[in-house]
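Colleague: For the record, in the sequence shown the residue sitting at position 237 is 236 according to numbering that gives the first Met the number 0, with numbers rising by one throughout.
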Amino acid sequence: MATLPAGAAAPAPLRDARPGISGVLPDDLVAWLAARDLPPYRARQIGDAVWRDDVVAFDDVRTLPASLRDGLAAAFRFDTVEDTETRLSDGGLTEKGLHRLSDGALVESVLMHYPARGAQRERHTLCISSQAGCAVGCPFCATGELGFTRDLETAEIVDQVRHAARRLTRDGKRLTNVVFMGMGEPLLNLDRVLAAVDALNDPDRFGLGARHITVSTSGVVPGIRRLTALGPQFTLAVSLHAARDALRDVLVPLNRRWPIAEVVAAARDHAAATGRRVSYETTMIGGINDTETDARAMAELLRGDHAHVNLIPMNPVAHTPWTASDPATIDAFAAILAEAGVTATIRRNRGQEIGAACGQLAAERAGEPAPAAVARRRARLVDESAHALRGERSREPAPAGVDG
Ligand code: SAH
Ligand code: SF4
0 MATLPAGAAA PAPLRDARPG ISGVLPDDLV AWLAARDLPP YRARQIGDAV WRDDVVAFDD
60 VRTLPASLRD GLAAAFRFDT VEDTETRLSD GGLTEKGLHR LSDGALVESV LMHYPARGAQ
120 RERHTLCISS QAGCAVGCPF CATGELGFTR DLETAEIVDQ VRHAARRLTR DGKRLTNVVF
180 MGMGEPLLNL DRVLAAVDAL NDPDRFGLGA RHITVSTSGV VPGIRRLTAL GPQFTLAVSL
240 HAARDALRDV LVPLNRRWPI AEVVAAARDH AAATGRRVSY ETTMIGGIND TETDARAMAE
300 LLRGDHAHVN LIPMNPVAHT PWTASDPATI DAFAAILAEA GVTATIRRNR GQEIGAACGQ
360 LAAERAGEPA PAAVARRRAR LVDESAHALR GERSREPAPA GVDG
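1) Just the Cα atoms here: how many angstroms apart are T168 and P38?
2) Does the beta-carbon distance from I335 to A372 come in below 9 Å?
3) Could you tell me the alpha carbon to alpha carbon distance between R35 and R347, rounded to whole angstroms?
4) Taking C-alpha atoms, which residue in A16, L67, A397 lies nearest to Y40?
5) Taking any heavy atom of the ligand SF4 as the mark, which residues have a C-beta closer than 7 Å to it, listed down the chain?
6) Any idea what DSSP makes of A343, helix, strand or coil?
7) What residue range is occupied by the uninterrupted alpha helix (DSSP H) comprising E155?
8) Have a look at L235 and R375 and give me their C-alpha separation to the nearest angstrom.
9) Does the distance from the CB of T153 to the CB of A195 come in under 9 Å?
10) Rounded to a whole number of angstroms, what is the C-alpha to C-alpha distance between Y113 and E94?
11) Where does D36 sit, in a helix, a strand or coil, going by DSSP?
12) Can you check the segment 275-351 for any alpha helix (DSSP H) of at least 4 residues that lies completely inside it and give the ranges in chain order?
13) Within a Cβ cutoff of 7 Å, which residues of the same chain sit near R99, ignoring the five residues on either side of it in sequence?
14) I'd like to confirm the pairing. Which residues does DSSP put opposite N176 in its beta bridges?
15) For H269 and D201, what's the separation of their Cα atoms in angstroms?
16) Quick check: what's the CA-CA separation for N176 versus R86?
17) Measuring only the C-alpha atoms, how far is T62 from W257?
18) Mapping the DSSP letters down to three states, classify A270 as helix, strand or coil.
19) When DSSP builds the beta bridges, which residues end up paired with V237?
20) Could you tell me which residues DSSP puts in a beta bridge with D89?
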């Protein structure tokens with residue numbers, strides 16, 4: 000066997016070509032069985048095992064003949080996600096998990112526990128990733144900083160949920176909500192995300208109600224429209240961050256492709272079609288998007304809409320010149336929205352966990368970029384945001400790979 004020269008990195012493992020079983024449609028499984036002269040009722044047996052929390056391999060499914068168990072293992076992976084690290088924070092209320100995929104790509108999920116409060120029952124919400132890295136490149140986001148690696152497969156998305164469900168079952172609890180707010184832009188991997196949502200929502204598969212599934216987007220307008228056309232009442236979250244195009248061009252670079260008016264029009268149509276309130280996420284960055292002018296622009300933009308704004312203090316991310324807005328500024332921002340009848344929630348602690356947890360562990364594992372590159376990046380952001388605050392639109396093109 001050839002040996003690597005000293006200091007050379009080991010080559011990344013090849014991606015496993017076998018599809019993950021949780022991403023296979025029940026009808027496709029029936030067809031796979033039929034091609035082997037096996038009866039369709041086996042599909043139901045296999046399906047039941049896949050969605051049970053105490054089964055972790057085809058070999059555990061003892062109701063199936065050994066030859067079929069072997070055949071399944073040769074054709075499909077029972078699990079596509081390997082847990083490599085779990086980190087607790089918030090006194091155990093937040094569990095960040097780092098997962099390795101078959102080709103070595105790393106993605107994160109975050110499980111958040113919300114104890115019962117008054118009439119509100121306890122909730123267990125999982126924040127999942129849809130891509131390894133992200134092409135959109137929002138400068139305040141740890142995932143954006145990593146750049147784009149690849150789209151996740153359907154099963155790689157669903158298996159993050161199966162893992163969390165298994166963990167919860169061990170503690171006698173159930174997963175209540177899934178949010179696509181982890182790494183990646185879900186609407187730029189829409190076919191796989193829709194297939195994953197379908198598996199999660201289907202009563203014969205994972206069986207989570209559509210209302211308990213939230214898809215968050217930085218504003219991929221054709222994707223929002225496809226989601227709306229599907230019909231079910233998924234919750235849509237739009238990462239707005241700024242109500243002025245010049246500033247949003249910098250904070251969410253795909254704004255250069257789909258500007259605010261188009262994004263908000265698509266979100267309004269979604270609210271009208273589904274009856275579900277749209278939530279707008281705004282990461283509050285000190286001195287950048289938290290001014291009175293910004294609050295008034297957002298109030299005017301959303302006045303009268305069936306919408307809710309979440310204000311999330313920016314979690315510090317290396318390599319940006321920015322920090323979170325101070326609490327008094329966020330209060331003043333929320334008060335201006337309230338005057339216009341726009342409801343807002345300030346997510347002081349958990350919001351930071353939700354918004355910024357994803358991508359940070361993976362960024363840490365990716366290692367530190369060279370100091371010169373960090374300095375250049377900071378200088379560019381200072382320059383770009385100064386232009387934006389003067390109201391000048393960006394002349395940069397939309398990021399590559401963003402064509403929805
Ligand atoms: N790509 C999608 C979904 C994943 S990002 C989107 O952008 O909507 C999920 C949320 O985390 C987004 O609202 C994003 O703006 C927020 N976020 C990213 N980095 C953050 C940070 N440093 N502090 C607070 N929120 C952050
Ligand atoms: Fe991508 Fe969302 Fe991060 Fe922007 S905030 S870089 S869209 S993951």
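Quick reminder that beta carbons are idealized off the backbone N, C-alpha and C, glycines included.
Given the structure is predicted, the values throughout are model-derived calculations rather than measurements.
Modeller: Walking through what the data contain:
1) Along the sequence shown, one-based indexing puts residue 168 at 169. Along the sequence shown, one-based indexing puts residue 38 at 39. Roughly 32 Å separates the two Cα atoms.
2) On the sequence shown, residue 335 is found 336 positions in, with the first residue counted as 1. On the sequence shown, residue 372 is found 373 positions in, with the first residue counted as 1. No; because the gap between Cβ atoms is not below 9 Å, this pair is not in contact.
3) Your numbering for residue 35 matches position 36 in the sequence shown. Your numbering for residue 347 matches position 348 in the sequence shown. The straight-line gap from Cα to Cα measures roughly 56 Å.
4) Here residue 40 corresponds to residue number 41 of the sequence shown, with the count starting at 1. Among A16, L67, A397, the Cα nearest to that of Y40 belongs to L67.
5) Each of C133, V135, G136, C137, C140, T142, G143, M182, G183, E184, S217, S238, V251, G358 has a C-beta closer than 7 Å to some heavy atom of the ligand SF4; these make up the full list, in chain order.
6) Locating residue 343 in the sequence shown gives position 344, counting from the first residue. Three-state result, A343: strand.
7) Locating residue 155 in the sequence shown gives position 156, where the first residue counts as 1. Run containing E155: 153-169, per the alpha helix (DSSP H) assignment.
8) If you number the sequence shown from 1, residue 235 lands on position 236. If you number the sequence shown from 1, residue 375 lands on position 376. Approximately 35 Å, taken between the alpha carbons.
9) Counting from one through the sequence shown, the residue named residue 153 turns up at place 154. Counting from one through the sequence shown, the residue named residue 195 turns up at place 196. When the beta-carbon positions are compared, T153 and A195 come within less than 9 Å of each other.
10) Walking along the sequence shown from the start, residue 113 turns up at place 114. Walking along the sequence shown from the start, residue 94 turns up at place 95. Near 12 Å, if we compare the C-alpha coordinates of E94 and Y113.
11) By 1-based counting over the sequence shown, the position of residue 36 is 37. Reduced to three states, the DSSP call for D36 is coil.
12) Qualifying alpha helix (DSSP H) stretches, in chain order: 291-301, 326-338.
13) By 1-based counting over the sequence shown, the position of residue 99 is 100. If we look at R99 and ignore the five residues flanking it on each side, its Cβ neighbours are E81, T83, L105.
14) Residue numbering aside, residue 176 sits at position 177 when the sequence shown is read from its first letter. In the DSSP output, where bridge partners are listed per residue, N176 has T124.
15) For this step, residue 269 is matched to residue 270 along the sequence shown. For this step, residue 201 is matched to residue 202 along the sequence shown. So the alpha carbons of these two residues sit roughly 21 Å apart.
16) Here residue 176 is taken as the residue at index 177 of the sequence shown, counted from 1. Here residue 86 is taken as the residue at index 87 of the sequence shown, counted from 1. Each residue's Cα considered, the two are about 20 Å apart.
17) Here the question's residue 62 lines up with position 63 in the sequence shown. Here the question's residue 257 lines up with position 258 in the sequence shown. Rounded to the nearest angstrom, the gap between the Cα atoms of T62 and W257 is 52 Å.
18) As a working note, residue 270 is residue 271 in the sequence shown. Helix.
19) Start at 1 with the first residue of the sequence shown, and residue 237 comes out as number 238. According to DSSP, V237 bridges with T216, Y279.
20) Taking the sequence shown and counting its residues from 1, one reaches residue 89 at position 90. Note: D89 sits in no beta bridge, so no partner.
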